[in-house]
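**Q** Quick one: the structure is below, questions incoming.
Here it is as structure tokens:
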């Protein structure tokens, strides 16, 4: 079974990066693999594995940045989000 939440260490720590993902989502896995391959430090939460109350709070957090409720959702510096597997957008935003 996948971890519910965690932290992945990396050499790029300039930005606070939070990945909301689903444990069964291929695009979420690809986003995580991309972040790891680029050496980005990030926190992650598998939204489908948290309890309903926390899931509700996560949805509220995501909606501060986007009307789209889709995964993966990457929140950068608690200012902006990138929805979907978008390596170029991630590279640009994180200045990789």
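Numbering (my numbering), first residue to last: 730 to 825. Note that the Cβ used here is the ideal one computed from N, Cα and C, for glycine as well. Being a predicted model, the structure only gives us computed values, none of them experimental.
Give me the Cα-Cα distance between residue 823 and residue 806, rounded to the nearest whole angstrom.
**A** Residue numbering aside, residue 823 sits at position 94 when the chain shown is read from its first letter. Residue numbering aside, residue 806 sits at position 77 when the chain shown is read from its first letter. Cα-Cα distance, rounded: 10 Å.
**Q** By Cβ distance, which residues of its chain are closer than 6 Å to residue 752, with the 5 residues on each side in sequence left out?
**A** Here residue 752 refers to the residue found at position 23 of the chain shown. For residue 752, where only same-chain residues beyond five positions count, the Cβ hits under 6 Å are 731, 775, 777, 778.
**Q** Quick one: grab the DSSP three-state call for residue 742.
**A** Within the chain shown, numbered from 1, the residue matching residue 742 stands at position 13. DSSP places residue 742 in coil when its eight states are reduced to three.
**Q** How big is the Cα-Cα spacing for residue 755 and residue 748?
**A** What you label residue 755 is simply residue 26 of the chain shown in a count that begins at 1. What you label residue 748 is simply residue 19 of the chain shown in a count that begins at 1. Whole-angstrom Cα-Cα distance: 14 Å.
**Q** Could you give the distance in angstroms between the alpha-carbon of residue 809 and the alpha-carbon of residue 794?
**A** Against the chain shown, residue 809 aligns to sequence position 80. Against the chain shown, residue 794 aligns to sequence position 65. In a straight line, the C-alpha of residue 809 is about 6 Å away from that of residue 794.
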